[in-house]
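For the sequence shown, the numbering used here assigns the number 800 to the initial residue and increments by one for each residue that follows.
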Amino acid sequence: MMKQRKRTEKSKYKHESTGEYCTCAAYVAEIMCKKNAENKNVGSLPYKFWSKKPWDWTFKRQLFAANKILKDKNISEQGLVRAINSKEFDKIFSLNHPSAISIIKKHQLIVDQEQNKVQEIEYKKDAKHRKKKLGKKNIFDRIRGIEDGKEKDQP
């Protein structure tokens with residue numbers, strides 16, 4: 800029995816068919832093979848399908864294509880996975896499709912914009928008071944006042 804792959808910085812995704820950890824390229828290749836099988840109406844993929852015919856070569860081609868895309872320094876793993884799971888990729892069954900790269904680059908821009916967003920919060924350094932209350936005092940304000948000796952007990 801082989802050891803299961805442990806989660807590392809490289810292997811942070813899980814195979815959908817086995818539940819073992821894998822690289823981003825293997826994860827994307829598996830999703831593409833699964834989409835291809837659904838399109839061809841073959842049914843679900845067998846356990847460890849990447850080592851069985853006819854899926855072994857299909858998986859390898861998708862794996863090579865995914866690694867080629869990830870070698871491009873402008874495309875991150877998050878951008879690739881987000882693009883693969885998007886609606887625009889529903890009718891694309893290979894990473895070698897002519898429009899695949901443009902869709903992936905578009906989603907990479909979205910990921911980059913999300914990472915660059917920084918919300919600035921303004922706050923006062925010398926804040927001494929809370930917001931002033933409007934209206935009547937409630938029961939807790941009366942109790943605090945009595946304890947501090949500011950108010951007399953009123954029946």
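By construction, the Cβ of each residue, glycine as well, lies at the ideal position given by its N, Cα and C atoms.
Between which two residues does the alpha helix (DSSP H) carrying residue i extend?
| i | result |
| --- | --- |
| F858 | W854 to K870 |
| Q835 | Looking at the sequence shown, residue 835 is not Gln but Asn. C823 to K839 is the span of the alpha helix (DSSP H), which, as asked, contains N835. |
| S901 | A899 to N915 |
| D940 | I938 to D947 |
Within 10 angstroms of its Cβ, does residue i collect 16 or more other Cβ (buried), or is it exposed?
| i | result |
| --- | --- |
| W856 | exposed |
| R943 | exposed |
| V914 | Checking the sequence shown, residue 914 turns out to be Gln, not Val. Looking at its Cβ environment, which holds fewer than 16 other Cβ atoms inside 10 Å, Q914 is exposed. |
| Q912 | exposed |
| T822 | buried |
| E829 | buried |
| V827 | buried |
| G878 | buried |
| I945 | exposed |
| F939 | exposed |
| Y961 | The requested residue 961 is not part of the displayed model; the chain covers only 800 to 954. |
| I903 | buried |
| L908 | exposed |
| I883 | buried |
Per DSSP, what are the beta-bridge partners of residue i in this structure?
| i | result |
| --- | --- |
| Y820 | K813 |
Tell me whether residue i counts as near the ligand COA, meaning its Cβ is closer than 7 Å to at least one heavy atom of that ligand.
| i | result |
| --- | --- |
| L862 | Annotation note on the ligand COA: not contained in the displayed structure, which lists no ligands. |
Between residue i and residue j, which are expected to be in contact by the criterion C-beta below 8 Å, what is the C-beta distance as a whole number of angstroms?
| i | j | result |
| --- | --- | --- |
| K862 | A899 | Checking the sequence shown, residue 862 turns out to be Leu, not Lys. Not quite, the Cβ-Cβ distance comes to about 15 Å (not below 8 Å), so this is no contact. |
| K833 | L844 | 6 Å |
List in chain order: all unbroken alpha helix (DSSP H) runs of 4+ residues lying wholly within the region 869–897.
876–883
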